[in-house]
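S.K.:
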Amino acid sequence: MRLDWDGWYLDGETAARRRARLTLGPGGLEIAPADAATCAWPYAEIEQRQGHYAGEQVRLERRGGAGAAVLVDHEFVAALRRVAPADAARFHDPAVRSRRIALTVLAAVASLGMAAAGYVWVIPGFAAVAADHVPVRWEERLGASVTQDYASSRRECADPIRRQPLEELLAAVTAPIEGAAYRFRLTVVDDKTVNAFAAPGGYIIVLRGLLDETDTPEQLAGVLAHEVQHVLHRHTTRLLFEQTSTGLLMSLMAGDPGGTVAFAPQAARVLGLLRYSRTHEEEADVDGLRLLQTGGIDPRGMAEFFEKVQKRVGTEPSLFQYVSTHPKTAQRIERLRELAAGGTRARRVLLPLVDWRRAREVCTVGR
Amino acid sequence: MSVSADVYVPGEVTLPAEDGLFALPPPLEPGASAAPETHRPTFHGEGGTLLGIQIVNVFLTFATFGVYWFWGKVRVRSYLCSQTELEGDRFAYHGTGKELLLGWLKVAPMLFGGYFLLTHAKLLGGGRTWRFGAIGASYALFLVFVPFAQVQALRYRLSRTSWRGIRFSFRGSPLAFVRLYVVGTLLDLLTLMLYSPIYATRRQAFLTTNTWCGDRRFDFDGDGRELIRSYLRSLALTVPTLGLSWFFYLAAKQRYFWNHTTVGGARFHSTLTADAYLRLKLGNLVLRLFTLGFGWPWVTARNARFAVAYLSLVGALDGAGIRQDARDASATGEGLAGLLDGAGFDLG
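In the order they appear, the protein sequences are chains H and D.
Note that the first sequence ends on residue 366 in numbering that gives the first Met the number 0; no numbers are left out.
Note that the second sequence ends on residue 347 in numbering that gives the first Met the number 0; no numbers are left out.
#1: Whole beta strand (DSSP E) runs in the stretch 181–236 of chain D with 3 or more residues, listed along the chain?
#2: Is the shortest distance between the beta-carbon of residue 110 of chain H and the beta-carbons of chain D less than 8 Å?
#3: Would a check of beta-carbon distances place residue 301 of chain H closer than 8 Å to chain D?
#4: Between which two residues does the beta strand (DSSP E) containing residue 52 of chain D stretch?
#5: Is residue 161 of chain H buried or exposed, if buried means 16 or more other CB atoms sit within 10 Å of its CB?
#6: Given a cut-off of 8 Å, decide if residue 279 of chain D and residue 305 of chain D are closer than it, judged by their beta-carbon atoms.
#7: Just the Cα atoms here: how many angstroms apart are residue 216 of chain D and residue 268 of chain D?
#8: Within a Cβ cutoff of 7 Å, which residues of the same chain sit near residue 43 of chain H, ignoring the five residues on either side of it in sequence?
#9: Comparing alpha-carbon positions, which option in H:171, H:10 and H:201 lies nearest residue 37 of chain H?
#10: With 8 Å set as the bound, which would you pick, yes or no: does the beta-carbon of residue 38 of chain D sit closer than that to a beta-carbon of chain H?
#11: Quick one: what does DSSP say residue 294 of chain H is sitting in, helix, strand or coil?
#12: Alpha carbon to alpha carbon, what distance is there between residue 68 of chain D and residue 59 of chain D?
#13: What would DSSP say about residue 147 of chain H, mapped onto helix, strand or coil?
#14: Run the CB neighbour count on residue 182 of chain D, radius 10 Å, all protein chains shown included, and call it buried at 16 or more, exposed below.
#15: According to DSSP, simplified to helix, strand and coil, what is residue 215 of chain H?
#16: For the alpha helix (DSSP H) holding residue 248 of chain D, just list the boundary residues, first then last.
#17: Is it buried or exposed, residue 94 of chain D, if we count other Cβ atoms within 10 angstroms and call 16 or more buried?
#18: Name the two residues that bound the continuous alpha helix (DSSP H) containing residue 82 of chain H.
#19: Would DSSP call residue 31 of chain H helix, strand or coil?
#20: Any Cβ of chain H within less than 8 Å of the Cβ of residue 253 of chain D?
#21: Could you say which of H:280, H:361, H:58 and H:132 lies nearest to residue 163 of chain D if we only look at CA atoms?
#22: Report the residue ranges of all alpha helix (DSSP H) runs contained in full by the stretch 327–358 of chain H; include only those spanning at least 4 residues, in chain order.
#23: Between H:20, H:347 and H:231, which has its C-alpha nearest residue 178 of chain H's C-alpha?
#24: Please find out if some non-hydrogen atom of the ligand GTP comes closer than 7 Å to the beta-carbon of residue 287 of chain D.
#25: Check the DSSP bridge columns for residue 87 of chain D and list the partner residues they point to.
#26: Could you pull out every residue in the same chain whose Cβ sits closer than 7 Å to the Cβ of residue 216 of chain H, ignoring the five residues on either side in sequence?
#27: Compare the C-beta of residue 203 of chain D with all C-beta atoms of chain H and state if any pair is closer than 8 Å.
#28: Rounded to a whole number of angstroms, what is the C-alpha to C-alpha distance between residue 252 of chain H and residue 299 of chain H?
#29: Apart from the five residues just before and just after residue 166 of chain D, which ones in its own chain have a Cβ nearer than 6 Å to its Cβ?
#30: Going by C-alpha to C-alpha distance, which of H:361, H:17 and H:228 sits closest to residue 33 of chain H?
#31: Compute the Euclidean distance between the alpha carbons of residue 276 of chain D and residue 88 of chain D, then round it to the nearest angstrom.
#32: Specify the secondary structure class of residue 80 of chain D as computed by DSSP and reduced to three states.
#33: List the residues of chain D that residue 54 of chain H touches, going by C-beta distances under 8 Å, in chain order.
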């Protein structure tokens, strides 16, 4: 085996590079620079810093050697591995490179698997635990700022006289909630999209488009009861946690952690993109319906309204966003229908003296 | 992140892009001969190789619940350093994951607290005065903190970078830079940003003249006045060119900075043009958009190649004249800057 090699020597004292004769001796590497004293490095103290990739010079350093280094070619490393088998693991073997691609592909698959597992199990689990530990006061402030951000780009329909019937409805819906930690606040926004959502902390946002689609106060009461349950179950808080963690996960995989901590300003934008999960939806539907029944409100309006928007979404999908943010199947609507039919009979008529078609025009100016 | 982060905003933090080394002018010696030598640094790295490193890093980061993140960072930096060559020798990175982790652990609680105050002050409640006071105090703290972290990070990175076995170092006082930064930002605001070119040059002068390779100090001889005209022209053309005029200023600024940087008797020379810069940024934007952000390895390799592609140094390189004079630096500053990464600041 070849034991004598040519290389370069850096003494760690100046930036001069010297030609050196390198000999793989029995106890260590003997270095004979062109115009400097010969030195010997025990194999156990040699470390490889560079030369793990094709075309990169190999750089060997002595542990604690204050910058001294030897520059050699890849063949030298192969010889070094053979001469010092005990230390061979510290020196890069170019033969590994062909295996490296396979290992990288394996790592990619495993990472995707872990990311998927994280997305499906870890993040929802974490979000549920985290949401339960957020103080209600924080949720309220978060909800207030999210609602404010959301409403700031649109016109808020705040006329107290026109809002009066809606406030009465909300009060009727939430009346049976015992020991509620939340104070419910309704915001109506002038937007033709058919949608409604619950921000954390009791803030409920209803868009004008949804009001226009309701035929009776009972239908709107159904929507409100549903959103109220999202608040009580902290679904939105949980979803905001999930969105943030997912963003972090994505940026971790993309190698770009920037811009993921800034979460609050994004929350408002995220609100419109929320997709409640099937479990969240069922919880909000069933518990919302019970809430109506407890309050003596006719629960059939709820199923009616869901069915109506489900039918209309086919004609104008972009307008009926309620359907995509609150996915429902025909089966679930059917189930609601059965539950509504089986419960106690309604004891009261909502807003008996009000013409609903007129009352729902909360956003109309003047007239 | 977005391209806009790279467009020069007066008072903005500008540290050399990931792995600062490329901004380091390599060492030189006064030339003895009449005909000046020209040396060109080269970047040999490939986006594909970086992608491989990134994949393994992501895997190990997941598998270790995030702890490997710091070791992964070291692997990327080592790669970028060792793929950059000057006069036949590659640069080397000597930082370790353990240093980065400890640096991060030291500053994380403090910084997250500050950041939380800054962004969530309205969630904490309290009176209006209290809230505005808290927000004002956070901004003031931030104004001091950014330059401080920038200098400390540079100090750490340079101390862990070497060429031909000679370590770089940064010897500027963080407080002096904080003073320069705070005064400059205020002057900038008072002059409606017209002070910007001078301010940027003064920052660059401070950072350059406190950078050493071994016992050799880098020097800077520009005052920024020549940049004012280019700055005003870009400003005037902002609206008709939809902001693209700023690429002329950015390129002019980079050229100016390099052309006024010397070490020993040798001077750097940059031929960077606005359209080359625009092509880089557009290409990066397209890469990011079409890969949903996963084009990061190619973007990084393109940036690294670009950083040295238009650069040369004219003058004799006398390696034997540069002597080792390493200074130690803790990774705490690196931890500070690392957190700024997370907050969306492009400190690398």
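For glycine and all other residues, C-beta sits at the position ideal for the given N, C-alpha and C.
M.R.: In short, the structure shows the following:
#1: Within the stretch 181–236 of chain D, the complete beta strand (DSSP E) runs of at least 3 residues are 210–212 and 215–219.
#2: Yes, because at least one Cβ of chain D sits closer than 8 Å to the Cβ of residue 110 of chain H.
#3: Look at residue 301 of chain H: its C-beta is not under 8 Å from any C-beta on chain D.
#4: Looking at the DSSP string, residue 52 of chain D is not in any beta strand (DSSP E); the run it does join, the alpha helix (DSSP H), is 46–62.
#5: Residue 161 of chain H is buried by the Cβ-count criterion.
#6: Closer than 8 Å, so yes.
#7: Counting only the Cα atoms, residue 268 of chain D lies some 18 Å from residue 216 of chain D.
#8: Excluding residues within five positions, the ones whose Cβ falls inside 7 Å are 86.
#9: Shortest Cα-Cα distance from residue 37 of chain H to any of H:171, H:10 and H:201 involves H:10.
#10: No, its Cβ sits nowhere closer than 8 Å to a Cβ of chain H.
#11: Reduced to three states, the DSSP call for residue 294 of chain H is coil.
#12: So the alpha carbons of these two residues sit roughly 8 Å apart.
#13: When secondary structure is reduced to three states using DSSP, residue 147 of chain H falls in the helix class.
#14: Exposed.
#15: In the structure shown, residue 215 of chain H sits in coil (DSSP, three-state: anything other than H, G, I, E or B).
#16: Segment 245–258, the alpha helix (DSSP H) holding residue 248 of chain D.
#17: Residue 94 of chain D comes out buried.
#18: For residue 82 of chain H, the enclosing alpha helix (DSSP H) has its first and last residue at 73–82.
#19: When DSSP states are grouped into helix, strand and coil, residue 31 of chain H belongs to the strand group.
#20: When Cβ-Cβ separations below 8 Å define contact, residue 253 of chain D makes no contact with chain H.
#21: Of the candidates H:280, H:361, H:58 and H:132, the one whose C-alpha sits nearest the C-alpha of residue 163 of chain D is H:58.
#22: Listed in chain order, the complete alpha helix (DSSP H) runs (minimum 4 residues) inside the stretch 327–358 of chain H are 329–341 and 355–358.
#23: Of the candidates H:20, H:347 and H:231, the one whose C-alpha sits nearest the C-alpha of residue 178 of chain H is H:231.
#24: Ligands displayed in this structure: none; no statement on the ligand GTP is therefore possible.
#25: Within the DSSP bridge table, the entry for residue 87 of chain D names no partner.
#26: Closer than 7 Å at the Cβ level, and outside the excluded window around residue 216 of chain H, lie 168, 349, 350 and 355.
#27: Not an interface residue.
#28: When only Cα atoms are considered, residue 252 of chain H and residue 299 of chain H end up about 47 Å apart.
#29: Residues of the same chain with a CB within less than 6 Å of the CB of residue 166 of chain D, apart from the 5 flanking positions on each side, are 325 in chain order.
#30: Ranked by how close their Cα comes to the Cα of residue 33 of chain H, the residues H:361, H:17 and H:228 have H:17 in first place.
#31: C-alpha separation (whole angstroms): 27 Å.
#32: Three-state DSSP puts residue 80 of chain D in a helix.
#33: Result: 43.
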